[in-house]
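Worksheet for the structure shown next.
2 protein chains.
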Amino acid sequence: MGAIKAARAFTGRPKIAKVEGAYHGLYDYAEVSQTAKPESWGKKDKPTSVPVAHGIPAKALSDVVVIPFNDIERARAILDANKDEIACVLLDLMPHRVGLRPAEADFVEFLREWTTKDDALLVLDKVITFRSTYGGAQGWYNIAPDLTAMGKMIGGGFPVGAIAGRKEVMEVMNPLADKVLFPHSGTFSANPVTMTAGLVSMIDFDEEAIDQVNALATRAIDGINEAIAETGIKACVTGGGSVFRVHLKEHPPHNYREAYTTPEENARLVVLLDHLFDEGFLMINTCAAVMATSLRNTEIDALVAALKGGFAKIK
Amino acid sequence: MGAIKAARAFTGRPKIAKVEGAYHGLYDYAEVSQTAKPESWGKKDKPTSVPVAHGIPAKALSDVVVIPFNDIERARAILDANKDEIACVLLDLMPHRVGLRPAEADFVEFLREWTTKDDALLVLDKVITFRSTYGGAQGWYNIAPDLTAMGKMIGGGFPVGAIAGRKEVMEVMNPLADKVLFPHSGTFSANPVTMTAGLVSMIDFDEEAIDQVNALATRAIDGINEAIAETGIKACVTGGGSVFRVHLKEHPPHNYREAYTTPEENARLVVLLDHLFDEGFLMINTCAAVMATSLRNTEIDALVAALKGGFAKIK
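As they're listed, the protein sequences go chains A and B. Heads up: the first sequence is residues 1 to 315, going by our numbering. Heads up: the second sequence is residues 1001 to 1315, going by our numbering.
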């Protein structure tokens, strides 16, 4: 919400663009399309702004422009049609709900070029993917965003959120400016315990720690791929850095519509998740996982073994 | 934001109504009119939806209905004109920015009746005023809200927010419902440290503790009134429970427009605040104060003495 409001304040424009299906929190504009279904999502050329919460103002929906992931031609046409009104393109470089695959490099570069050319901002949501490399997931690409939203791990276990960005853009929140374009303060701001715990976590989460958790994810992905091959199940695993997600689909999805789980897939997924639960692994309903520095190979191998057992059961 | 989204989900209506000038956080709809000025606030009969952040969508502004505080006739006419579209009336019973005076009982009762009659919800923002009595500021009135938003003190020093309300309304967030009208989850939800610290704080903040901090505020208010009389300055003090605010105005304000500080008043206020700072008291720019259980009469008397010195300086 803060990053979007900063982008609006900087550009004076009302609309945001976002990738279909991507999760960016509960803010009305950010959550649009996150739970779109085949019967509601509309044409590929113009995805519908599908609400999540019931009762969201129709006027808010009309201020959100939805683009398909990894589809430059369609995204360009949709963005161009709204170009004078778009404050920012909001992008998670590896969106969990869109399949948890790193965005294709040319798609990311296109969004960087389009926003620069049309005086909109590129806002990266790195709440999850900040952990991917020492410089965050943007280290995978040759771009720099205008604003970055962060959260989760940077608070060291405490509720936290942060916005970083170009000096000129951050200036909209400068409390000492003659005219503060986006006044930003509140009870949550600069909580001393959160700031201290976050600082210590960030000092500890150094290159070595990142290599360690990324190696755990690589080990898991390799093991899962082997388990898929050995059981002969139609499944795949996606991910990057220290996170991964198991799909009960033959091919890794390129976008939200491909990542969407049909009721039939979902029934099999429930069997898998229940099996994992019985084996001692409580997974999120997408069967995704995030590695922690406290984990060791033993836990990863046990998870892979449990997944293999679940694959065999479904098969 | 959560309470407003819950009200929209429950009623299926897009608009909210709020008191002119009241602060309810950074959510676009909630912050409207908070910083309205004489040149922008429009007629008393129809206060303008004045934006706070630059770039807020005009469509969002048009979904906010602004009513004057403590003015039943005008509020009724404004609400009636939007009655089929209002999801909730959002109300702080003693809004800081509106003058920090408890709302008049007949105004509160009118809003409770109007919302009930017109199938809208009454949402109380008790983020600050929860501390006023053991049951919160609503203990001053003969009403019950549909939803209550809380924060600050209930987290025991950690970032926190909570929504409480009628069972039927809270059902919109029930994750086990067949259709969840307002899906509500996130990294901030149920943080174990915040929940533990908040519980301990709430156990400690019993009737005795509330009486203690309320007595401190009463002592401060009495002392400030005496200092005003003795120095002969045009000033007054408002408040209730354990909070108070000093105004450099002869009469206590009834609404935001009366509470608004003119540039001339503001210049005198800066002199007062600078004097307080030199005396060791760092006050918010409205010269309001909130009592803590760690305070004793000594600190209150020192603050009153420092205020008296500041009054004399201005005079």
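Note that beta-carbon positions come from the ideal geometry of N, C-alpha and C, so glycine has one too.
Per-residue DSSP class, three states only, for residue i
i, result
"B:Phe1158", "coil"
"A:Ile143", "coil"
"B:His1379", "The structure shown has nothing for residue 1379 of chain B, since chain B only spans 1001 to 1315."
"A:Thr261", "coil"
"B:Pro1047", "strand"
"A:Thr129", "helix"
"A:Ile163", "strand"
"A:Ala77", "helix"
"A:Val290", "strand"
"B:Leu1091", "strand"
"A:Gly151", "strand"
"B:Lys1313", "helix"
"B:Lys1083", "coil"
"B:Lys1015", "strand"
Candidates the options: closest to residue i by CA position
i, options, result
"B:Ala1075", "B:Met1094, B:Glu1113, B:Ala1058, B:Gly1099", "B:Glu1113"
"B:Tyr1141", "B:Pro1183, B:Leu1121, B:Asp1092, B:Phe1188", "B:Asp1092"
"A:Asn255", "A:Gly2, A:Ala3, A:Lys5, A:Lys18", "A:Lys18"
"A:Ile233", "A:Ala312, A:Ser201, A:Asn297", "A:Ala312"
"B:Asn1070", "B:Pro1038, B:His1024, B:Glu1109, B:Ser1049", "B:Glu1109"
"B:Ile1203", "B:Gly1156, B:Phe1010, B:Gly1012, B:Val1304", "B:Gly1156"
"A:Glu230", "A:Asp125, A:Ala137, A:Ile67, A:Leu307", "A:Leu307"
"B:Ile1154", "B:Leu1295, B:Ile1128, B:Thr1187, B:Ala1235", "B:Ile1128"
"A:Ile163", "A:Thr148, A:Leu176, A:Ser201", "A:Thr148"
"B:Leu1122", "B:Thr1133, B:Met1094, B:Phe1158, B:Arg1166", "B:Arg1166"
"B:Thr1293", "B:Ala1103, B:Asp1045, B:Val1213, B:Leu1176", "B:Val1213"
"B:Asn1266", "B:Arg1296, B:Val1193, B:Gly1186, B:Ala1235", "B:Ala1235"
"B:Asp1084", "B:Thr1115, B:Tyr1134, B:Pro1159", "B:Thr1115"
"B:Arg1245", "B:Lys1126, B:Pro1095, B:Gly1136", "B:Pro1095"
"B:Thr1033", "B:Leu1273, B:Ser1062, B:His1247", "Reading off the sequence shown, one finds Ser at residue 1033 of chain B, where the question assumed Thr. Checking every option, the nearest Cα to that of B:Ser1033 belongs to B:Ser1062."
"A:Pro102", "A:Asp80, A:Pro252, A:Pro192", "A:Pro252"
"B:Ile1016", "B:Ala1058, B:Ala1036, B:Ala1053, B:Leu1079", "B:Leu1079"
"A:Glu250", "A:Gly241, A:Ser242, A:Pro192, A:Thr261", "A:Thr261"
"A:Gly198", "A:Asn174, A:Ala215, A:Gly161", "A:Gly161"
"A:Leu124", "A:Gly135, A:Asp118, A:Lys117", "A:Gly135"
"B:Phe1158", "B:Ala1190, B:Thr1133, B:Lys1117, B:Arg1296", "B:Ala1190"
Residue interval of the alpha helix (DSSP H) (run including residue i)
i, result
"B:Ala1022", "Note, B:Ala1022: premise wrong, no alpha helix (DSSP H); not H, not E."
"B:Leu1061", "1058-1061"
"A:Val193", "192-204"
"B:Val1237", "Here B:Val1237 belongs to no alpha helix (DSSP H); instead the beta strand (DSSP E) covers 1236-1240."
"A:Leu181", "Unbroken run through A:Leu181: none, as it is neither H nor E."
"B:Phe1107", "1105-1117"
"A:Ile224", "207-231"
"A:Lys5", "2-11"
Beta-carbon gap between residue i and residue j smaller than 8 Å
i, j, result
"B:Val1271", "B:Ile1210", "no"
"A:Gly55", "B:Pro1183", "no"
"B:Met1283", "B:Ala1217", "no"
"A:Arg97", "A:Ala22", "yes"
"A:Ala120", "A:Ala87", "yes"
"B:Ala1220", "B:Leu1303", "yes"
"A:Thr238", "A:Gly99", "yes"
"A:Val172", "A:Ala288", "no"
"B:Pro1068", "B:Pro1047", "yes"
"A:Lys152", "B:Thr1196", "no"
"B:Trp1041", "B:Arg1257", "yes"
"A:Gly2", "A:Ala137", "no"
"A:Ile72", "A:Ala30", "no"
"A:Leu181", "B:Ala1006", "no"
Residue i - containing beta strand (DSSP E), residue span
i, result
"A:Asp125", "121-125"
"A:Gly280", "It is not in any beta strand (DSSP E) - A:Gly280 carries neither H nor E in the DSSP assignment."
"A:Ile67", "64-67"
Exercise. Looking at chain B, which residues of the stretch 5-32 of chain A have a Cβ within less than 9 Å of any of its Cβ atoms?
Worked result: Those would be Lys5, Ala6, Ala7, Arg8, Ala9, Phe10, Thr11, Gly12, Arg13, Pro14, Lys15, Gly25, Leu26, Tyr27, Asp28, Tyr29, Glu31, in chain order.
Exercise. Of the residues that make up the stretch 179-213 of chain A, which ones have a beta carbon closer than 8 Å to any beta carbon in chain B?
Worked result: Cβ contacts with chain B come from Leu181, Phe182, Pro183, His184, Gly186, Thr187, Phe188, Asn191, Val193, Thr194.
For this session: Compile a chain-ordered list of the residues in the stretch 49-66 of chain A whose CB is closer than 9 Å to at least one CB of chain B.
Result: Interface annotation for the stretch 49-66 of chain A against chain B: Val52, Ala53, His54, Gly55, Ile56, Pro57, Ala58, Lys59, Ala60, Ser62, Asp63, criterion Cβ-Cβ distance under 9 Å.
Problem set entry | Cβ-based contacts, 8 Å cut-off: residues of the stretch 1136-1157 of chain B near chain A | Flagged, chain order: Gly1151, Lys1152, Gly1157.
Exercise. Using Cβ-Cβ distances below 7 Å, what residues of the stretch 85-115 of chain A are close to chain B?
Worked result: Shown in chain order are the members of the stretch 85-115 of chain A whose Cβ falls below 7 Å from a Cβ of chain B: Ala87.
For this session: Return the residues of the stretch 242-264 of chain A that lie within a Cβ-Cβ distance of less than 7 Å from chain B, sorted by chain order.
Result: If the cut-off is 7 Å between Cβ atoms, the stretch 242-264 of chain A has nothing near chain B.
Exercise. For the stretch 156-177 of chain A, which residues have a beta carbon sitting closer than 8 Å to at least one beta carbon of chain B?
Worked result: For the stretch 156-177 of chain A, which is checked against every Cβ of chain B, the residues closer than 8 Å are Gly157, Phe158, Pro159, Val160, Val172.
For this session: Select from the stretch 1282-1307 of chain B all residues with a C-beta closer than 7 Å to any C-beta belonging to chain A, and list them in chain order.
Result: Those residues of the stretch 1282-1307 of chain B that come within reach of chain A (Cβ to Cβ, closer than 7 Å) do not exist; the list is empty.
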